[in-house]
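Residue numbers (this note's numbering), protein chains in the order written: chain A, 6 to 120; chain B, 45 to 157.
Rendered as structure tokens:
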């Protein structure tokens, strides 16, 4: 089954404790992206990757890091989480066409709370 | 500034009734417009994608329209079902670059029996 898998789905952590949210897709997609979703706001892009070893900032990259060492994985790293990073996070992937006209496949989301 | 605005914010309808959700955008240059359905606690799922030249596109009981001149889109749901209860997100893609998607805040639809 084609899917984008995120882990963990739920996480409560404390300020400053580094954490990583993993994302893996089994569709051999070149493009992957991370978004955050906050109440009353649309999804906002954090980082995206066009292919292995190619990453770029989205609209709200501050406080986040990513890496793309393998095509299927695109982890999101919070080096020193702060309460304003409490949010619902989504990973998404598509083939390169998806960058403009193709379908974007989303994971199930990771709800992060930073105390 | 590129923006996507959706209305209403929330909507309650009775099962079997039709409804229409609105999306206005100021994104330029325009590439395509997408509608997604997001069930509570789940990731968004694509319903339709429309390019500049497409006025209407259907996916089962969902019909999306696009007026590129007025920069408006609507999503019409026919004969609503309880499973239609979800948030519906309008997303506009800009042209000329990779996947610059601007998301609306969504319309939360509740279908009651």
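Glycine is no exception: its CB is placed at the ideal position from the N, C-alpha and C atoms.
{"Check": "Supposed contact pair residue 96 (chain A) and residue 37 (chain A) - C-beta distance, whole angstroms, cut 8 Å", "Outcome": "7 Å"}
{"Check": "For residue 46 (chain A), the nearest candidate out of B:157, B:132, B:138, B:139 (CA to CA)", "Outcome": "B:132"}
{"Check": "Residue 42 (chain A) classed as buried or exposed, judged by whether at least 16 other C-beta atoms fall within 10 angstroms", "Outcome": "buried"}
{"Check": "Proximal residues to residue 29 (chain B) (C-beta, below 7 Å), its chain only, five neighbours per side dropped", "Outcome": "Given that chain B is displayed from residue 45 to residue 157, the structure contains no residue 29 (chain B) and the question cannot be resolved."}
{"Check": "Buried versus exposed, by CB contacts within 10 Å (16 or more), residue 105 (chain B)", "Outcome": "exposed"}
{"Check": "Three-pair Cβ contact test at 8 Å for the region 110–130 of chain B versus the region 79–99 of chain B", "Outcome": "yes"}
{"Check": "DSSP state of residue 127 (chain B) mapped onto helix, strand, coil", "Outcome": "helix"}
{"Check": "Cβ shell of residue 21 (chain B) (< 6 Å), same chain only, five flanking positions each side left out", "Outcome": "In the structure as shown, chain B begins at 45 and stops at 157. Residue 21 (chain B) is therefore absent and cannot be evaluated."}
{"Check": "Below-8 Å beta-carbon distance, residue 6 (chain A) vs any chain B residue", "Outcome": "no"}
{"Check": "C-alpha distance - residue 129 (chain A) paired with residue 9 (chain A), whole-angstrom precision", "Outcome": "Examination of residue 129 (chain A) is not possible in this model, given that chain A is present from 6 through 120 alone."}
{"Check": "Cutoff 8 Å; reference residue 61 (chain A); Cβ partners in own chain excluding five residues on either side", "Outcome": "52, 53, 54, 55"}
{"Check": "Coarse secondary structure for residue 90 (chain A), derived from DSSP in three states", "Outcome": "helix"}
{"Check": "Nearest-angstrom Cβ-Cβ length linking residue 76 (chain B) and residue 49 (chain B), presumed shorter than 8 Å", "Outcome": "The pair is not a contact, with the Cβ atoms about 18 Å apart (cut-off 8 Å)."}
{"Check": "Residue 96 (chain B), DSSP secondary structure in three states", "Outcome": "coil"}
{"Check": "Residues in the region 93–127 of chain B having any Cβ partner in chain A nearer than 9 Å", "Outcome": "93, 95"}
{"Check": "Cross-chain neighbours of residue 4 (chain B) in chain A, by beta carbon under 8 Å", "Outcome": "This structure cannot speak to residue 4 (chain B), because chain B is shown only from 45 to 157."}
{"Check": "Min CB distance residue 147 (chain B) to chain A below 8 Å", "Outcome": "yes"}
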